Amino acid sequence: MVTLFYQIIKIFYLQKIDFKFLKGVPGLNKDEIIPTNVFEKSNIYTTAEIILLKWLSVHKTRLYSSERNIIKNFRQDLRDATTLNALIISH
Numbered sequence: 016m017v018t019l020f021y022q023i024i025k026i027f028y029l030q031k032i033d034f035k036f037l038k039g040v041p042g043l044n045k046d047e048i049i050p051t052n053v054f055e056k057s058n059i060y061t062t063a064e065i066i067l068l069k070w071l072s073v074h075k076t077r078l079y080s081s082e083r084n085i086i087k088n089f090r091q092d093l094r095d096a097t098t099l100n101a102l103i104i105s106h
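If you want the working numbering, it's the position in the sequence shown, counting the first as 1, plus 15.
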């Protein structure tokens, strides 16, 4: 069920996310978003998914600066609630 929900989001919404979208998101400083790190080519993730991972990493770094804050995988790195907690607190 979760996979189906994710595929629906991926088809209809994630195609609209690009670097221009990320620059327009309120609350993000331009120095926090480094395009060379965001747009690395991946065989697994699309550009939109890489941008979302970077967006989550920025929010987690703001709140939990002493922990490992680079989010590389949706499944492994979102298992605990610290990333979602940081995202909710930031907004």
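C-beta: ideal position from N, C-alpha, C; glycine also.
Just so you know, these numbers come straight off a predicted model, no measurement behind them.
Between I104 and the set R90, T76, Q91, S81, the nearest pair of CA atoms involves T76. Between I32 and L68, the C-beta gap is not smaller than 8 Å, which leaves the two residues out of contact. If you ignore the 5 residues before and after Y79, its C-beta comes within less than 7 Å of the C-beta of T97, A101, all in its own chain and listed in chain order.
By a beta-carbon distance limit of 8 Å, S72 does not contact I59. Their separation comes to about 16 Å.
In the structure shown, T61 falls within a coil segment according to DSSP collapsed to helix, strand and coil. Take the alpha-carbon of T61 and the one of K25: they are about 10 Å apart.
Taking all protein chains shown into account, N88 has fewer than 16 neighbouring C-beta atoms within 10 Å of its C-beta and is therefore exposed. With respect to the C-alpha of G42, the residue from W70, Q22, D92 having the closest C-alpha is W70. Of the other Cβ atoms in all chains shown, 16 or more fall within 10 Å of the Cβ of L37; this residue is therefore buried.
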